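Numbering (our numbering), first residue to last: 1218 to 1589.
Written as structure tokens, this is what we have:
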């Protein structure tokens, strides 16, 4: 699953016919279904609004040996200019169920709407994930996280269709094998299609979870670990994200992106020591790179810092694909870019950071028909 924005624009330029019970389009543009607004057409596009329709479409493609691309909101997709030769399946299922502190979301639910519903219900746990574009079904795949929260902390189960066994399965949080921007689903992308995601939230009397992210705490004027009213936490995160071009706005080309294009590198001790040496050689003594504890014996550093210090500042580029004017970690379509324009910029950034610091950045969005 790759996000959750609606994409009605595809139908206007494609031949369509109403099926029972799904809609099917042929030679259907995929660019309107992505936040980059990039990519060529799909041979066939199917929109499913129930779990049964999703499963039927997947089974049909698998039985015919047809390549399958599952799309939610397209907020984490980079589709090649030639498009997708196969069946693209838009998961447009709906359903939000709250039972005490237990939340169940259909995969096609718009994530930002789901976060708003939990805040309104007075439940903490995902309020700092407000404003992230995409679908609920996408969140467990890359273990979506921001501003000190990640979905792995609240997900209890994921219901998915297992293409290998041909059955619907329920995976516990432990079985999902969550790690930084990773999961069992991302490790084996051809096997599972997420149908439903279940969370256990916290009733903290209308207060947020403990504020963990330093920037959020500073803006809120609290110490890390303190709580604030849920709506205050959500609104603060939305303002921070908007200031970085990370809240979708059709009029703002800085948001014609996939958000963070690269993941933050996680380095073992030896690699991090070599990295620090490169930093001193390039930038002088006394400047330390960002360093955050990760797994045992590993350190996470900042991809945005690496990009900036390698010379790729906000607004970098002269073509139709450029770095955001608001955030160095976002690569953007300025309105008339192609996917190849975007990839050329991404490759330039990767090569520059590698040359400067000896670290190879890894793309966060899913690549379809293309690679770095």
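Idealized CB from N, CA, C, for every residue including glycine. On a predicted model such as this, the values are computed, not experimentally measured, just so you know.
Segment limits, alpha helix (DSSP H) that includes residue i
{"i": "residue 1287", "result": "Unbroken run through residue 1287 is the beta strand (DSSP E), 1285–1288; no alpha helix (DSSP H)."}
{"i": "residue 1460", "result": "1447–1460"}
{"i": "residue 1557", "result": "1556–1574"}
{"i": "residue 1245", "result": "It is not in any alpha helix (DSSP H) - residue 1245 instead sits in the beta strand (DSSP E) that spans 1240–1246."}
{"i": "residue 1538", "result": "Residue 1538 -> not in any alpha helix (DSSP H); beta strand (DSSP E) instead, spanning 1538–1540."}
{"i": "residue 1524", "result": "1520–1526"}
{"i": "residue 1310", "result": "Here residue 1310 belongs to no alpha helix (DSSP H), and DSSP marks it neither H nor E."}
{"i": "residue 1272", "result": "1268–1281"}
{"i": "residue 1578", "result": "Taken as a continuous stretch (DSSP letters only), residue 1578 belongs to no alpha helix (DSSP H), as it is neither H nor E."}
{"i": "residue 1437", "result": "1431–1437"}
{"i": "residue 1402", "result": "1401–1404"}
N-terminal and C-terminal residue of the beta strand (DSSP E) that residue i is part of
{"i": "residue 1261", "result": "1258–1265"}
{"i": "residue 1322", "result": "1319–1323"}
{"i": "residue 1416", "result": "1409–1417"}
{"i": "residue 1484", "result": "1483–1485"}
{"i": "residue 1255", "result": "Taken as a continuous stretch (DSSP letters only), residue 1255 belongs to no beta strand (DSSP E), as it is neither H nor E."}
{"i": "residue 1515", "result": "1515–1517"}
{"i": "residue 1386", "result": "1384–1389"}
{"i": "residue 1326", "result": "Here residue 1326 belongs to no beta strand (DSSP E), and DSSP marks it neither H nor E."}
{"i": "residue 1374", "result": "1372–1379"}
{"i": "residue 1296", "result": "1294–1296"}
Pick from the options that is closest to residue i, judged by C-alpha positions
{"i": "residue 1399", "options": "1481, 1486 and 1415", "result": "1481"}
{"i": "residue 1382", "options": "1456, 1556 and 1280", "result": "1280"}
{"i": "residue 1465", "options": "1291, 1574, 1259 and 1362", "result": "1291"}
{"i": "residue 1428", "options": "1317, 1343 and 1459", "result": "1343"}
{"i": "residue 1356", "options": "1313, 1459 and 1403", "result": "1403"}
{"i": "residue 1377", "options": "1432, 1390, 1578 and 1477", "result": "1390"}
{"i": "residue 1241", "options": "1544, 1549 and 1260", "result": "1260"}
{"i": "residue 1362", "options": "1397, 1283, 1405 and 1507", "result": "1397"}
{"i": "residue 1589", "options": "1532, 1295 and 1457", "result": "1295"}
{"i": "residue 1277", "options": "1263, 1289 and 1353", "result": "1263"}
{"i": "residue 1508", "options": "1526, 1274, 1484 and 1498", "result": "1484"}
{"i": "residue 1314", "options": "1536, 1300, 1334 and 1303", "result": "1334"}
{"i": "residue 1492", "options": "1450, 1572 and 1388", "result": "1572"}
{"i": "residue 1423", "options": "1412, 1311, 1450 and 1434", "result": "1450"}
{"i": "residue 1486", "options": "1495, 1510, 1462 and 1514", "result": "1514"}
{"i": "residue 1586", "options": "1565, 1560 and 1352", "result": "1560"}
{"i": "residue 1468", "options": "1289, 1495, 1551 and 1430", "result": "1551"}
{"i": "residue 1543", "options": "1477, 1553, 1577 and 1499", "result": "1477"}
{"i": "residue 1529", "options": "1537, 1545, 1535 and 1538", "result": "1545"}
{"i": "residue 1258", "options": "1275, 1438 and 1304", "result": "1304"}
{"i": "residue 1426", "options": "1448, 1408 and 1435", "result": "1448"}
For residue j and residue i, the rounded distance between their alpha carbons
{"i": "residue 1489", "j": "residue 1518", "result": "9 Å"}
{"i": "residue 1502", "j": "residue 1516", "result": "20 Å"}
{"i": "residue 1235", "j": "residue 1340", "result": "Any reading at residue 1235 needs caution, since the residue's pLDDT is 37, under 50, leaving its predicted position unreliable; the model's value is listed next. Roughly 40 Å separates the two Cα atoms."}
{"i": "residue 1540", "j": "residue 1580", "result": "14 Å"}
{"i": "residue 1416", "j": "residue 1268", "result": "19 Å"}
{"i": "residue 1524", "j": "residue 1306", "result": "35 Å"}
{"i": "residue 1557", "j": "residue 1470", "result": "18 Å"}
{"i": "residue 1386", "j": "residue 1379", "result": "7 Å"}
{"i": "residue 1570", "j": "residue 1420", "result": "44 Å"}
{"i": "residue 1457", "j": "residue 1430", "result": "12 Å"}
{"i": "residue 1479", "j": "residue 1273", "result": "34 Å"}
{"i": "residue 1227", "j": "residue 1473", "result": "Unreliable placement is indicated for residue 1227, whose pLDDT of 33 sits below 50; the coordinate value is still reported in the next sentence. Using only the alpha carbons, I get a separation of about 17 Å."}
{"i": "residue 1574", "j": "residue 1395", "result": "28 Å"}
{"i": "residue 1316", "j": "residue 1253", "result": "36 Å"}
{"i": "residue 1406", "j": "residue 1349", "result": "21 Å"}
{"i": "residue 1250", "j": "residue 1504", "result": "43 Å"}
Below-9 Å beta-carbon distance, residue i vs any chain B residue
{"i": "residue 1567", "result": "Absent from the structure: chain B. Only one protein chain is present."}
Beta-carbon separation (whole angstroms), residue i vs residue j, contact threshold 8 Å
{"i": "residue 1293", "j": "residue 1563", "result": "The Cβ separation is near 14 Å, so there is no contact."}
{"i": "residue 1332", "j": "residue 1346", "result": "6 Å"}
{"i": "residue 1388", "j": "residue 1271", "result": "That pair is no contact at about 17 Å."}
{"i": "residue 1209", "j": "residue 1248", "result": "Because the chain is modelled from 1218 through 1589, residue 1209 falls outside the range shown and cannot be assessed."}
{"i": "residue 1410", "j": "residue 1372", "result": "At roughly 17 Å, the Cβ-Cβ gap does not stay under 8 Å, so residue 1410 and residue 1372 are not in contact."}
{"i": "residue 1325", "j": "residue 1354", "result": "7 Å"}
Heavy atom of the ligand SAH within 8 Å of residue i beta-carbon
{"i": "residue 1355", "result": "Inclusion of the ligand SAH in the displayed structure is not the case, the ligand content being empty and no account of it being possible."}
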